[in-house]
Amino acid sequence: MVAEEATSEELRVQAEESLLRLLGRREHSQFELRQKLRQRGFPNDIIQALLVKAETNGWQSDERYTEIWLRQQLATGNGPLKIKAKAASKGIGSELLDHALMQAEPDWVAIGFEQLCKRFGAAPAAQKSEREKRMRYLQGRGFNFDHVKQILAQQNASDDAHSY
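Mind the numbering: the sequence shown is residues 1 to 164 in the UniProt record's numbering, read in order.
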């Protein structure tokens, strides 16, 4: 925690050092940095000034953070609904996320199909209960119903292609 006797300048220097240590480890959103600096006991006025300085100097960028974070989410195999829900908890605005998604142009069906095959194999479900289990799995990963239908149809089509 921050010492109570520290002067305003000492607090600013300590806050900047903390911020640079955090950014040295990985990218952070402004939201995350604000939370972490508050937890360390720095005053809001110093935090705000420091966040402005970090953005101005190019140390921190919510756009850059969003792009990196989105790539990680796509690589993990999360669907659009889960990504949007998680983005809010990271302080990523919907406009920023929508722009990053438009730039990334993810193929949701391909991502979901890959996750489905990793989990259940390439063979389609033989029984209705198994198909429902796969649907719940995909929905739990954040894919909407239309994507789930397309993914399962692709799995059936790929099995038909291999059966000849």
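All C-beta atoms in this analysis are idealised placements derived from N, C-alpha and C, irrespective of residue type, glycine included.
Note that the structure is predicted; figures quoted are calculated from it, not measured.
Have a look at residue 151 and residue 72 and give me their C-alpha separation to the nearest angstrom.
So the two alpha carbons sit approximately 21 Å from each other.
What do you get for residue 148, buried or exposed, if any count of 16 or more other CB atoms within 10 angstroms of its CB means buried?
Under this definition residue 148 is a buried residue.
Over what stretch of residues does the alpha helix (DSSP H) that includes residue 120 continue unbroken?
Start and end: 108-120.
In its own chain, which residues sit with a C-beta less than 6 Å from the C-beta of residue 113, not counting the 5 before and 5 after it?
Contacts found: 151 and 154.
Identify, in the order they occur along the chain, each residue of the same chain with its Cβ nearer than 7 Å to the Cβ of residue 109, setting aside the five sequence neighbours on each side.
Cβ within range, chain order: 147, 150, 151 and 154.
With a threshold of 16 other CB atoms inside 10 Å of the CB of residue 134, please say whether the residue is buried or exposed.
The residue in question, residue 134, is buried, as its Cβ has 16 or more Cβ neighbours within 10 Å.
Checking contacts by CB at 9 Å: is residue 57 closer than that to chain B?
Given the protein chain composition of this structure (a single chain), no chain B is represented.
What is the residue span of the alpha helix (DSSP H) that residue 167 lies within?
The displayed coordinates of the chain run from 1 to 164. Any statement about residue 167 would go beyond what the structure contains.
For the segment 12-58, list the alpha helix (DSSP H) runs that are entirely contained and at least 4 residues long, ordered along the chain.
30-39 and 44-56, all fully within the segment 12-58.
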